[in-house]
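J.:
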Amino acid sequence: MRKEIENLQNEIIRISGVNPRKCMRCGKCSGTCPAYDEMEYHPHQFVSMVESGDIEPLLNSKSLYQCLTCFACVDRCPRGVEPAKLIEAVRLAAVRKQGQNHMTANDIPEKLDEDIPQQALVSALRKYSK
Amino acid sequence: MQVNGEYKPLIVAFCCNWCSYAGADLAGTNRSNYPDNVKIIKVPCSCRVNPMFILRAFQRGADGVILCGCHPGDCHYTSGNYYTRRRMALLFSMLNFLGIEKERTRVEWVSAAEGAKFAATMNEFTEAVAKLGENKRLEDLRCKR
Amino acid sequence: MQKITSEALINKACELLENKTVNRVLGWKVGEFAYDITPALFTDCDSLKSDFVFGDFCGANFSKYLVSETRKSDEKVLVFLKPCDTYSFNQLLTENRFNRENVYAIGIPCEGMADISKIKAAVGDGIVGLSSEGDKIIVDTLYDGKQEIDAKSVMAERCAVCKSKKCVAYDELMGEEGEIVDSNRFDEVEKLEKMTEDERYAFWQGELSRCIRCNACRDICPACTCENCVFDNPESSVQNKAISDSFEEKMFHIIRAFHVAGRCTDCGECSRVCPQNIPLHLLNRKFIKDINDFYGEYQAGAEVGNRAPLVDYTLEDLEPGEALERGAEN
Amino acid sequence: MQRIGVFVCWCGSNIAGTVDVQAVSEALKNEPGVVFSTNYQYMCSQAGQELIINSVKEHNLTGIVVCSCSPRMHEATFRKTAAAAGINPYMVEIANIREQCSWIHKDMEIGTEKAIILGKAAIAKVNLNAPLTPGESPVTKRALVIGGGIAGIQTALDIAEAGFPVDIVETKPTIGGKMAQIDKTFPTLDCAACILTPKMVDVAQNDKIRIFSYSEVEDVKGFVGNFDVKIKKKARYVKEDICTGCGVCTEKCPMKKVPNEFNLGMDNRRAIYIPFAQAVPKVATIDPNACNMLKSGKCGLCAKVCTAGAIDYTQKDEIIEEKYGAIVAATGFNPISMDKFDEYAYNQSKDVITSLEFERLTNAAGPTAGKLLRPSDGKHPHKIVFVQCVGSRCESCAEKGKEYCSKICCMYTAKHAMLTRDKYPDTEVYVFYIDVRTPGKAFDEFYRRAVEEYNVHYIKGMVGKISPEGDKLMVRGSDLLNNKQLTIDADLVVLAAAIEPDKSARPLATMLTASMDTNDFFTEAHPKLRPVESPTAGVFLSGACQGPKDIPETVSQASAAAAKVIGLLAKDKLTGNPCVAQANELMCNGCSSCEKVCPYGAITYVDKEFRMPNRTTAIRRVASVNPAVCQGCGACTVACPSGAMDLNGFLNKQIIAEVDAICK
């Protein structure tokens, strides 16, 4: 179990490229977050919970999908921790847990549909190809 | 170098007065063993070590030469070891270019507090040099004779 | 074939002598043989007209002569500088080795110099005359009469991999200024780097064993301008004029290359004058290549006043161990 | 040829346990130059030293080799012994056969063999030793203090107290520095002016102290004890010795709209001005960028009203040259620019201010005469938010802020919050903090009082965004302890801006050849043991130019620097280390390689005439080492291709002889 958590933690850290240990607990990310009130877990909590391996509650929380990826926290973090990237990585971990939803560029042509906005495809590829 | 018909590597270690020589002293104070093959020459700063000294040591039968100085940023003279770093990077690269085994030359930063590191470094370096065998290449490059 | 002619240079030199801009001229003069061109000092127009030459064998770099020449008189000396000579010129100025005021420098273009040993290899011995015509060099030999060879095929190695046709220092320029060219001058060095330690050792053993310690490489080198060389100085503890120990010449060549590291402009004079044809320039080039790789591109003599890499540092320089590892990866 | 005596120490059983000392002294007897060799139980003891002294006399020794413990331990002892025996102390070499031999080897045979080799190396070196005499240089008994803030003032007063003349150079028209702008000081809440201005007056009245205000250091040459300094006294267009500081001119000047830098631009001054009432020297200064007379020649009103006749529109910058024995850098700090912190709306709203601006707003001599009023509309603010760590501890934004902790912000913010609540109990005060750092005497008590007695709301969290809305500032931040995001509709926001060294410090450091860290703070000679000295001899550090500091720390460091200066100036002569570099002029090429690597600027070049072949002479440029400045690292000796540069005590031939002795 511990091993699993550690793997998950390492995976999230690897995908996001974020080092949560750089966080100095100032809370500027949460102070700046426009979606704060919607969220159960706030940006600074993502950072500290990933660091402590307390990832399960994050995966099960709607907060994951309430992050707007506006990057205000990334811009303003004085230590360069980049919480939004970490949230994105947790979101990805949640998505992956749901099953076979990994995607490669080759899968795109068959999914092409006139009604699907280009951006959705790009963002899907971004999310599911890592 | 041959001692009584047996190969016994000879290591010359140049140590800066402020950090590494003190580190070597600390190794002694802690009774950390390292081989007697290592003979230390004290210099005020690693930047005092002229490539000529190193070549001279090889010429006279040393099998390995190691230079120890303060860690970059800690030089007693503020910048000495930065010059050492450039000089030795180029010199060692040149020696290797001439076919000299790269294990015979080394620069190691050892602080006055790193007695254990000094001993460990010397053990490891002596072992590496011992594996190479006697230094013939730097003693004799002439095919004649 | 050089683009600029002896006549043009002689006329220029005469003009400057006559209008008293200079009172003497450093130039090339035919020696024992047509290919054996020697540096000479001319003080009048007549001797210039009779003896001065410029052609495919005028490789000699005059920059170094300025160290002693400028001390002789406060009047100006005229010097002709090929592009690679101008780098040496700048480097010597950087090191305050001569008084710029006492020199009138004319930059001249160079199409590359011929290597007599390559010609000899092609036509054999007994060369009595040489002339250039277009891309051809016409060799008159004792045994086989006149032969034509392609000038390119006998071009000196250093010219074949010329790094710059740009004159970087002059008072006056004859011909075009020229440009820095892409050169593959490090190919030889890379080839050696790719060898194993044993192969490299064998290579250098073969080369350096031929050294007779004539000191020609040192004496010609425009970077070796010490008032008193360490190898001539009894106080240095490393004095040796001849080989007394098997290691001496290796020590000599390593130290010599190290002493000019970061200052060597890669003019190639050391290898040109070596009577044993030892490729000494490869040692210098190895240092230049390492300096470029480790600390960023640096060309000695590109500008006056540049800080040589060995008297400089950055806090992030690579460690000597890393330098050796990089070498091992090749 | 030397006559060398070898003295092998047993160090009780420390050496004798694993080294056959008898065998060592026997073996070394036959080395070249050795005329006497012996061993003794404790060579460093009184009896051991006497043994050495007697042997020197008996055998006419010229050199001594002691095979004993590390030279770091007893080299000085044996050098003194040599001096007592009448030979030059630098004729002693130590072979370290304890730390580097007996203590690391267990086998007697191995230990003995190695000890003999180490002894041989030391003998080979002594054979080439030459007597060395430390150089002496005189000390100019005058100190220069660069910067006239509280650090410079305290240093100067202490040096003058000891009887040495001191000059203060200050770029502003008055001394006083940042402390003069501050209202109250933590943790005692004394009024800053009340404790600073008497000191400023002391400086003005002290006949040992000269003040060069409105001046800059232009050039520094020389070395410890002997600095030659050029000081540029900028033209202030007022004769300093005649002006009485009556201030009439500053009231009559028609140029009324010049931003007042003393009040950080929050009000205006005239073109001719005295920065503040207690300025020292209390002399008017004309701002040449604002004065009509200087710009267009039309006006001249101040000259008309000056009854003393002190105005001089033709005044020029003046260069003063003076010699100093010691220099103290006290260049101080500034708050960093808030321009790049867009999220705090500093440039969008006048009501977002820095802490230093807040000091002026609450200062009785400030733009609002001490009433806390909003800069935008002059109304009294009822809700104030303080934000700590603005630009401090900011790693990711190197171009915006600073990586370090500015140290003083926690305390002054607590002070501001407390004073506000004290004076205006109807005001709500919030402080956003990351950590509250209060190490210092009575500091934490002070902060707790702000919370407990004055009811200041401390919120653990950081402000993310400030947006002006109407006449309010919407401050959005997080409250980490309550896991809430807050929005406070503040009337005034005060940013505790990080502090940085003054911009003048970097060029000054270059002039002084004093080193700096990447943040442009001066580095100390040793971070723990020599905190007020720069690595460059004769240059000392006082105050925030060395690192962020509060007033008590600054003053103690200032006094410490003064003590070091006094210690230096009290000497008539400085004795140097004789193991310094030396250039052989006959061999020097003048190439400047050595000069470029010298970390101390000890090498200069001189032109000398040399005999050349054929009875000619030539002027050559050759290196010359100043032994008082050289510290003996030897970097130059390797940079020198001709081997003209050598290091006394560690000559090329000595080290090579050691190498040979070890290897042969």
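These protein sequences, in sequence, are chains A, B, C and D. Taking the numbering used here, the leading residue of the first sequence gets 4, the next gets one more, and so forth. Taking the numbering used here, the leading residue of the second sequence gets 604, the next gets one more, and so forth. Taking the numbering used here, the leading residue of the third sequence gets 96, the next gets one more, and so forth. Taking the numbering used here, the leading residue of the fourth sequence gets 7, the next gets one more, and so forth. Every residue gets a Cβ at the ideal spot worked out from N, C-alpha and C, and that includes glycine. Small disclaimer: the values here were computed from a predicted structure and weren't measured.
Please determine, among D:590, D:445, D:605, D:426, the residue with the shortest C-alpha to C-alpha distance to residue 614 (chain D).
T.: Locating residue 614 (chain D) in the fourth sequence gives position 608, counting from the first residue. Nearest C-alpha to residue 614 (chain D): D:590.
J.: Classify residue 734 (chain B) as buried or exposed, calling it buried when 16 or more other Cβ atoms lie within 10 Å of its own Cβ.
T.: The residue given as residue 734 (chain B) occupies position 131 in the second sequence. By the 10 Å Cβ count, residue 734 (chain B) comes out exposed.
J.: Among D:67, D:32, D:114, which residue has its Cα nearest to the Cα of residue 39 (chain D)?
T.: Taking the first residue of the fourth sequence as 1, we reach residue 39 (chain D) at position 33. The shortest Cα separation from residue 39 (chain D) among D:67, D:32, D:114 belongs to D:67.
J.: Looking only at its own chain, which residues have a Cβ that is under 7 Å from the Cβ of residue 404 (chain C), when we skip the five neighbours before and after it?
T.: Start at 1 with the first residue of the third sequence, and residue 404 (chain C) comes out as number 309. Answer for residue 404 (chain C): 357, 386, 390, 393, listed in chain order.
J.: Output yes if chain D places a C-beta closer than 8 Å to the C-beta of residue 643 (chain B); else output no.
T.: Reading the second sequence from its first residue, position 40 is the one you call residue 643 (chain B). With 8 Å as the cut-off, residue 643 (chain B) counts as an interface residue toward chain D.
J.: Assign residue 319 (chain C) to one of three DSSP states: helix, strand, or coil.
T.: For the purposes of this step, residue 319 (chain C) is taken as residue 224 along the third sequence, with counting starting at 1. Here residue 319 (chain C) sits in coil by DSSP.
J.: On the CB-based measure, 16 or more other CB atoms within 10 Å of its CB, does residue 68 (chain A) come out buried or exposed?
T.: Here residue 68 (chain A) is taken as the residue at index 65 of the first sequence, counted from 1. Exposed: under 16 other Cβ atoms inside 10 Å.
J.: Once DSSP output is grouped into helix, strand and coil, what is the label at residue 55 (chain A)?
T.: Against the first sequence, residue 55 (chain A) aligns to sequence position 52. In the structure shown, residue 55 (chain A) sits in a helix (DSSP, three-state: H, G or I).
J.: Short of 8 Å Cβ to Cβ, which residues in the segment 170 to 197 of chain C face chain B?
T.: none
J.: Report the residue from C:114, C:360, C:151, C:334 whose alpha carbon sits nearest the alpha carbon of residue 211 (chain C).
T.: On the third sequence, position 116 is the one that residue 211 (chain C) refers to. The shortest C-alpha separation from residue 211 (chain C) is found at C:151.
J.: In chain order, what residues of the segment 109 to 127 of chain D put their CB closer than 8 Å to some CB of chain B?
T.: 109, 110, 111, 112, 116, 117, 119, 120, 123, 124, 127
J.: Straight-line CA distance for residue 274 (chain D) to residue 268 (chain D)?
T.: On the fourth sequence, residue 274 (chain D) is found 268 positions in, with the first residue counted as 1. On the fourth sequence, residue 268 (chain D) is found 262 positions in, with the first residue counted as 1. Roughly 10 Å between the two C-alpha positions.
J.: Mind checking which residues open and close the beta strand (DSSP E) that includes residue 95 (chain A)?
T.: To locate residue 95 (chain A), count along the first sequence from 1; it is residue 92. Taken as a continuous stretch (DSSP letters only), residue 95 (chain A) belongs to no beta strand (DSSP E), being part of the alpha helix (DSSP H) at 86 to 100.
J.: Kindly identify the DSSP beta-bridge partner or partners of residue 588 (chain D).
T.: For the purposes of this step, residue 588 (chain D) is taken as the residue at position 582 of the fourth sequence. Partner(s): D:652.
J.: Which whole-angstrom value is the C-beta distance of residue 497 (chain D) and residue 480 (chain D), which I expect to be below 8 Å?
T.: Numbered from its first residue, the fourth sequence carries residue 497 (chain D) at position 491. Numbered from its first residue, the fourth sequence carries residue 480 (chain D) at position 474. The distance from the Cβ of residue 497 (chain D) to that of residue 480 (chain D) is about 11 Å, inconsistent with a contact at the 8 Å cut-off.
J.: Using C-beta distances below 7 Å, list every residue in its chain close to residue 295 (chain D), excluding the 5 sequence neighbours before and after it, in chain order.
T.: Stepping through the fourth sequence from its first residue, residue 295 (chain D) is reached at position 289. If we look at residue 295 (chain D) and ignore the five residues flanking it on each side, it has no Cβ neighbours.
J.: Taking the beta carbon of residue 412 (chain C) as the centre, do at least 16 other beta carbons fall within 10 Å, making it buried, or is it exposed?
T.: Counted from its first residue, the third sequence places residue 412 (chain C) at position 317. With 16 or more other Cβ atoms within 10 Å, it is buried.
J.: Could you tell me whether any Cβ in chain B is nearer than 8 Å to the Cβ of residue 637 (chain D)?
T.: Position 631 of the fourth sequence holds residue 637 (chain D). Yes, residue 637 (chain D) counts as interfacial toward chain B.
J.: So which of B:741, B:621, B:637 has the shortest CA-CA distance to residue 720 (chain B)?
T.: Reading the second sequence from its first residue, position 117 is the one you call residue 720 (chain B). Among B:741, B:621, B:637, the Cα nearest to that of residue 720 (chain B) is on B:637.
J.: Would DSSP call residue 732 (chain B) helix, strand or coil?
T.: The residue labelled residue 732 (chain B) in the question sits at position 129 within the second sequence. Correct three-state label for residue 732 (chain B): helix.
J.: Is the CB-CB distance between residue 634 (chain D) and residue 229 (chain D) below 8 Å?
T.: Here residue 634 (chain D) is taken as the residue at index 628 of the fourth sequence, counted from 1. Here residue 229 (chain D) is taken as the residue at index 223 of the fourth sequence, counted from 1. In contact: residue 634 (chain D) and residue 229 (chain D) (Cβ atoms closer than 8 Å).
J.: Considering only the beta carbon of each residue, do residue 586 (chain D) and residue 545 (chain D) sit closer than 8 Å?
T.: The residue labelled residue 586 (chain D) in the question sits at position 580 within the fourth sequence. The residue labelled residue 545 (chain D) in the question sits at position 539 within the fourth sequence. Between residue 586 (chain D) and residue 545 (chain D), the C-beta spacing is not below 8 Å.
J.: Taking the Cβ atom as the reference point for each residue, do residue 49 (chain D) and residue 74 (chain D) lie within a distance shorter than 8 Å?
T.: Along the fourth sequence, read from residue 1 onward, the residue named residue 49 (chain D) stands at position 43. Along the fourth sequence, read from residue 1 onward, the residue named residue 74 (chain D) stands at position 68. Against a cut-off of 8 Å, the Cβ pair of residue 74 (chain D) and residue 49 (chain D) comes out as a contact.
J.: Based on the DSSP output, what are the partners of residue 245 (chain C) in its beta bridges?
T.: Here residue 245 (chain C) is taken as the residue at index 150 of the third sequence, counted from 1. Beta-bridge pairing links residue 245 (chain C) to C:231.
J.: Compute the Euclidean distance between the alpha carbons of residue 338 (chain D) and residue 155 (chain D), then round it to the nearest angstrom.
T.: Residue numbering aside, residue 338 (chain D) sits at position 332 when the fourth sequence is read from its first letter. Residue numbering aside, residue 155 (chain D) sits at position 149 when the fourth sequence is read from its first letter. Spanning the two alpha carbons is a distance of roughly 7 Å.
J.: Please list, in chain order, all residues of the same chain as residue 292 (chain D) whose beta carbon is under 7 Å from its beta carbon, the five residues on each side excluded.
T.: To locate residue 292 (chain D), count along the fourth sequence from 1; it is residue 286. Cβ neighbours of residue 292 (chain D) beyond the five flanking positions: 242, 243, 244, 277, 278, 300.
J.: Consider the Cβ of residue 501 (chain D): report whether some Cβ of chain A lies at a distance smaller than 8 Å.
T.: Numbered from 1 along the fourth sequence, position 495 holds the residue referred to as residue 501 (chain D). Not closer than 8 Å to any Cβ of chain A, the Cβ of residue 501 (chain D) fails to qualify, so no.
J.: Going along the segment 311 to 329 of chain C in order, which residues come within less than 9 Å of chain D, judged by CB to CB distance?
T.: 318, 319, 320, 321, 322, 323, 324, 325, 328
J.: Considering only residues of the segment 200 to 288 of chain D, which uninterrupted alpha helix (DSSP H) runs meet the minimum length of 4 residues and lie entirely inside it, listed in chain order?
T.: 254 to 258
J.: I want to see whether chain D comes within less than 8 Å of residue 34 (chain A), judged by CB atoms only; does it?
T.: Here residue 34 (chain A) corresponds to residue number 31 of the first sequence, with the count starting at 1. The Cβ of residue 34 (chain A) sits closer than 8 Å to at least one Cβ of chain D.
J.: Closer than 8 Å, Cβ to Cβ, to anything on chain C: give me those residues from the segment 688 to 716 of chain B, in chain order.
T.: 688, 689, 690, 691, 692, 693, 694, 695, 696, 697, 698, 699, 700, 701, 702, 703, 704, 705, 708, 709, 710
J.: Any contact of the segment 669 to 687 of chain B with the segment 639 to 654 of chain B, i.e. 3+ C-beta pairs under 8 Å?
T.: yes
J.: For residue 460 (chain D), tell me which candidate among D:475, D:427, D:452 has the shortest Cα-Cα distance.
T.: Position 454 of the fourth sequence, counting from 1, holds the residue named residue 460 (chain D). It is D:427.
J.: Are there 16 or more other CB atoms within 10 angstroms of the CB of residue 302 (chain D), so buried, or fewer, so exposed?
T.: The count along the fourth sequence starts at 1 and reaches residue 302 (chain D) at position 296. Label assigned to residue 302 (chain D): exposed.
J.: Is it right to say residue 610 (chain B) is buried, meaning 16 or more other beta carbons lie within 10 angstroms of its own, or is it exposed?
T.: The sequence position of residue 610 (chain B) within the second sequence is 7, counting from 1. By the neighbour-count rule (16 or more Cβ atoms within 10 Å), residue 610 (chain B) is not buried but exposed.
J.: What number of angstroms, rounded off, separates the C-alpha of residue 216 (chain C) from the C-alpha of residue 624 (chain D)?
T.: Counting from 1 along the third sequence, the entry for residue 216 (chain C) is found at position 121. Counting from 1 along the fourth sequence, the entry for residue 624 (chain D) is found at position 618. Here the C-alpha atom of residue 216 (chain C) lies approximately 45 Å from the C-alpha atom of residue 624 (chain D).
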